[in-house]
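One structure below.
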Amino acid sequence: MAKPTSDKQGAFTSLKFSIFRNLIQILASPINNFNPKRSFFEEPHLRTHQFPFVFNDSIDSDLVLRDVGMSPVKPWTQDEKSTILALVSQLSHCAPGLLRLASIGSPINLLRICRLVLGNKSEPIAFSGQRTILLPDAFFFSYGQIHNFAHEITHIADDMELAAFSKQWLEIAAPVLQEYRVNPQSIKDEAFSKTWPSEYACHSVIEALAEYVAAFVNGRYFASKVKFEETVAPLIISPTPMVNEWKVLVEKARQAKNAKNYIQARLYYRKASKLFPENPRTYFQLAGIATTTADYCEIVKNTQKMIEAFEVVDSSRLLYPTMRDCILQILKTYIQTQEFSGADKYAHWLLKRFPNDTTILELEKYCQNKLLNSVE
Ligand SMILES: [Zn+2]
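Count along the sequence shown from 1, add 6, and you get the number used in this note's numbering.
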């Protein structure tokens, strides 16, 4: 349910780009380097009759999780498989477009585990990332399985945050999330349940979207129903052909990147960014890929585009912490590669927006010292 970050060494040829490698992976997914054994990209409409899931009884050796503690994978029982089949069938009736969108790309891996504990000690009922859904015992004992399943499917369908980081969704979500930040007690108001699916849906725009979509496809509607149907649903629940096309491109890009075919990956991400220029994530991926060839011009260009995209979609500045994390990773890449003037530039950019951030202040001081020493 939450989305922790993760890390794994040795994926790139050049070690000096290891930080940026992490950055690409972190934003690509919470579970890294899980290379699906099979891959197919078919026209979305051809996939409706297929079952886009794989019941895995063993974990891929490349699967590395950070901040996610999980017990060993256990075999699926027939009963549990039947439960999942029933949920998929239900979802294919109430939200066929969502299921179809999630199905684009490689099959979705279903892993059965006993227990799941996140870094913050929470024990989610389900968790997803890198086209994998982890299902602990708690999921099968829980009420509202269809809600929880639809929640994870939303994450899979929108794992590049086309909908979650969209202007349309922010227009609906930002006022509620900001109200919650100022006044957490607001969820105790009677009117809250008519406005928002849950308290959990107040924590981030990504979780808010998954909760809202899950509630919506299960027939729970909110005051923003009409606006949601008109503006956000076409990005996720009833995706337009352009959204499906975008998803095909980013999935192809992801697979090319995993195979270290960066030229091909760049091509697909560029095409995707032309379809939805306002999505910041594609530029971040492109900036990351540019580090594989130390192409600073490309890094700067794509970072700039990413910053602009964040600012265009997010007048509320709700996504600024996400943008901070992205820029911070870019800054660290510059430091790692001894490009202190580049690092300093991004440190200044960040300090303007986060003047009291001690991490940034320390990095800025470090860059300044390095630059002074190089002059001497
Ligand atoms: Zn979630």
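Ideal placement from N, C-alpha and C gives every residue a C-beta, glycine not left out. Being a predicted model, the structure only gives us computed values, none of them experimental.
The region 177-194 makes contact with the region 211-219; the number of CB pairs closer than 8 Å reaches 3 or more. Of the candidates 342, 167, 346 and 147, 342 places its Cα closest to the Cα of residue 297. No heavy atom of ligand 1 is found nearer than 8 Å to the CB of residue 370.
Classified as buried, residue 138 has 16 or more neighbouring CB atoms from the shown chains inside 10 Å of its CB.
Distances between the C-beta of residue 216 and the heavy atoms of ligand 1 include at least one below 8 Å. Under the rule that a run must span 4 or more residues, the alpha helix (DSSP H) segments found entirely inside the region 197-258 read 198-201, 211-223 and 239-242. Annotation: the region 136-199 contains the following complete segments of the beta strand (DSSP E) (minimum length 3 residues), in chain order: 138-141.
Within the chosen limit of 8 Å, ligand 1 reaches the beta carbon of residue 157 through at least one heavy atom. A distance criterion of 8 Å places the beta-carbon of residue 153 beyond contact range of ligand 1, judged by its closest non-hydrogen atom. Around the Cβ of residue 318, a 10 Å sphere holds fewer than 16 other Cβ atoms; the residue is exposed. Residue 57: not part of any alpha helix (DSSP H); DSSP gives it neither H nor E. In this structure, the C-beta of residue 213 approaches ligand 1 to less than 8 Å from one of its heavy atoms.
The three-state secondary structure of residue 341, taken from DSSP, is helix. Relative to ligand 1, residue 354 has its C-beta separated by 8 Å or more from all heavy atoms.
Your pair residue 157 and residue 86 does not check out as a contact, with CB atoms roughly 18 Å apart and the cut at 8 Å. Take the alpha-carbon of residue 204 and the one of residue 379: they are about 53 Å apart. DSSP places residue 90 inside the alpha helix (DSSP H), whose first and last residues are 84-100.
Taking 8 Å as the upper bound for CB-CB distance, residue 336 and residue 293 are in contact here, some 6 Å apart. For residue 134, the secondary structure class from DSSP, reduced to helix, strand or coil, is strand. Counting along the chain, the unbroken alpha helix (DSSP H) around residue 378 starts and ends at 364-381. One Cα belongs to residue 295, the other to residue 358, and the distance between them is close to 27 Å. Secondary structure at residue 356: helix, using DSSP grouped into helix, strand and coil.
Apart from the 5 residues on each side of it in sequence, residue 304 sits with its Cβ closer than 6 Å to the Cβ of 296 in its chain, given in chain order. For residue 272, the enclosing alpha helix (DSSP H) has its first and last residue at 268-281.
Across the set 78, 215, 113 and 170, the C-alpha of 170 shows the shortest separation from the C-alpha of residue 284. Residues of the same chain with a CB within less than 7 Å of the CB of residue 360, apart from the 5 flanking positions on each side, are 330 and 366 in chain order. Between residue 162 and residue 131, the C-beta gap is not smaller than 9 Å, which leaves the two residues out of contact. A direct Cα-to-Cα measurement between residue 312 and residue 101 gives close to 31 Å. Excluding five sequence positions before and after residue 97, the CB atoms of its chain that fall closer than 8 Å to its own CB belong to 104, 105, 152, 155, 156, 159 and 223, given in chain order.
Per DSSP, reduced to three states, the secondary structure at residue 110 is coil, with no helix or strand assignment.
Burial is judged here by how many other beta carbons sit within 10 angstroms of a residue's own beta carbon; residue 232 has fewer than 16 and is exposed.
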